[in-house]
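Trainee: Protein chains in written order, with numbering that gives the first Met the number 0: chain Z, 0 to 122; chain E, 0 to 144.
From the three backbone atoms N, C-alpha and C, an ideal C-beta is built for every residue, glycine too.
Source: prediction; values computed, not measured.
This structure is in structure tokens; I'll ask about it shortly.
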Amino acid sequence: MSARVPEKILDFSNLRELSEGDQEFYVDMLQTFRDGCKRGLVDIEKNMRQKNFDKMADSAHKLCSSFMHMQANEVYKDLKLIEKMGRENDTEKLEITWKSLKSNLMISLEEVLKELENTQTPH
Amino acid sequence: MKFRKKIIKVVILEDDDYYNKALNRYIKNICNGAVYLDLDFDIKSYKDPEDCIEKLEKDTTIMILDHNLSNEELNGLDVFEIVREYCDDCKVIVVSEQQSAHVTAELMRKGVFDYIDKTVSTKNRIGSAIQKALDAELNKPRVAS
């Protein structure tokens, strides 16, 4: 876990490569990522507050692969930490890890919204 | 003698929307009839394991299976057991978050064709696993028309 927030969290190069210039696909993937990220934010927090730690771990796990694809290593590490804490019912550092993760997820959402904006209205 | 094109049926089961779409794209890029002139590809993708099993065809050639399905009834291993029982000769390639070595070994022991971690190099690994599966398929005797 790291409190330091990098300038840019998401790297869209893997997605750009996968899209091969297909803008429709690129936008669809960004929207899918955005929706998954929003859902993950809500689900992790809800399950954490309700002390459904196994479900909290599942929600964190579900976000891992897309953040890995976006090369968001700090977020990925925090997601894995939250997942591990949930599986092991180890909640000692849960709040602080969640705080860091939530902040990075919010920044990620802003970045993806900006990318969507730039892609849909090219200069 | 004229040979009929072999149909390669590929099934993707991944419950995460984003990764499902990414896998679908990877597989469509790899399994391309313009590259494999002797083959026709039929690619289907599912997010729900029950839906996938219901529509599974006996002659499915390759399945890309997410190990960590967030379904309370069926996990990836359950799906694998069903596929192994039902399909004649389906090569199951399991894709998942990094697992411990013993999970990977267990999957391979149970007869999984290949196991791939979801990392930044997943695309290349899937490419080579599918190539291996297609080679195995291409080395089977062809049906003459």
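Does the beta-carbon of residue 19/Z have 16 or more other beta-carbons within 10 angstroms, so that it is buried, or is it exposed?
Mentor: exposed
Trainee: What residues from the segment 26-49 of chain Z come within 8 angstroms of chain E, judged by C-beta to C-beta, listed N to C?
Mentor: 27, 28, 31, 32, 34 and 35
Trainee: Could you work out which residues of chain E lie near residue 64/Z, taking near to mean beta carbons separated by less than 8 angstroms?
Mentor: Within chain E, the residues near residue 64/Z are 15, 17, 18, 96 and 117.
Trainee: Are the C-beta atoms of residue 76/Z and some chain E residue less than 8 angstroms apart?
Mentor: no
Trainee: Can you name the residues of chain E whose CB is closer than 9 angstroms to the CB of residue 24/Z?
Mentor: 20 and 24
Trainee: Would you say residue 17/Z faces chain E, with C-beta separation under 8 angstroms as the test?
Mentor: yes
Trainee: Check whether the segment 23-42 of chain E touches the segment 86-105 of chain Z, counting contact only when three or more Cβ pairs, one atom from each stretch, lie closer than 8 angstroms.
Mentor: no
Trainee: Just by C-beta distance, which residues in the segment 56-83 of chain E are closer than 7 angstroms to chain Z?
Mentor: 67 and 69
Trainee: Taking C-beta to C-beta, are residue 7/E and residue 40/E nearer than 8 angstroms?
Mentor: The answer is yes: Cβ separation under 8 angstroms.
Trainee: What are the partner residues of residue 91/E, as DSSP defines its beta bridges?
Mentor: 62/E
Trainee: Taking three-plus beta-carbon pairs below 8 angstroms as touching, is the segment 24-44 of chain Z in contact with the segment 44-52 of chain E?
Mentor: no
Trainee: Can you confirm whether residue 55/Z, when its beta carbon is compared against all beta carbons of chain E, has any partner nearer than 8 angstroms?
Mentor: no
Trainee: Nearest to residue 94/E by CA position, among 4/E, 5/E, 85/E and 23/E, is which residue?
Mentor: Looking from the CA of residue 94/E, the closest CA among 4/E, 5/E, 85/E and 23/E belongs to 23/E.
Trainee: Taking beta-carbon pairs under 7 angstroms, can you tell me which members of the segment 66-100 of chain Z lie near chain E?
Mentor: 67, 68 and 70
Trainee: Could you tell me the alpha carbon to alpha carbon distance between residue 138/E and residue 77/Z, rounded to whole angstroms?
Mentor: 45 angstroms
Trainee: Tell me the DSSP secondary structure of residue 26/Z in three-state form.
Mentor: helix
Trainee: Can you tell me the Cα-Cα spacing of residue 6/Z and residue 71/Z, whole angstroms?
Mentor: When rounded, the distance between both Cα atoms is 11 angstroms.
Trainee: Give the residues of chain E in contact with residue 61/Z, contact being defined as C-beta atoms less than 9 angstroms apart.
Mentor: 14, 15, 67 and 69
Trainee: Taking 6 angstroms as the limit between beta carbons, can you name the residues of its chain near residue 90/E, skipping five residues before and five after?
Mentor: 61, 112 and 132
Trainee: Whose CA, out of 52/E, 101/E, 103/E and 70/E, lies closest to the CA of residue 83/E?
Mentor: 52/E
Trainee: Could you spell out the range, first to last residue, of the alpha helix (DSSP H) harbouring residue 18/E?
Mentor: 16-29
Trainee: Taking C-alpha atoms, which residue in 47/Z, 89/Z, 28/Z and 12/Z lies nearest to residue 15/E?
Mentor: 28/Z
Trainee: Mind reading off the beta-carbon distance from residue 10/Z to residue 69/Z? Whole number of angstroms is fine, and I expect it under 8 angstroms.
Mentor: That belief holds up - the Cβ atoms of residue 10/Z and residue 69/Z are roughly 6 angstroms apart, short of 8 angstroms.
Trainee: Tell me the DSSP secondary structure of residue 21/Z in three-state form.
Mentor: coil
Trainee: Using three-state DSSP, classify residue 111/E as helix, strand or coil.
Mentor: coil
Trainee: Going by the beta-carbon positions, is the gap between residue 20/E and residue 31/Z smaller than 8 angstroms?
Mentor: yes
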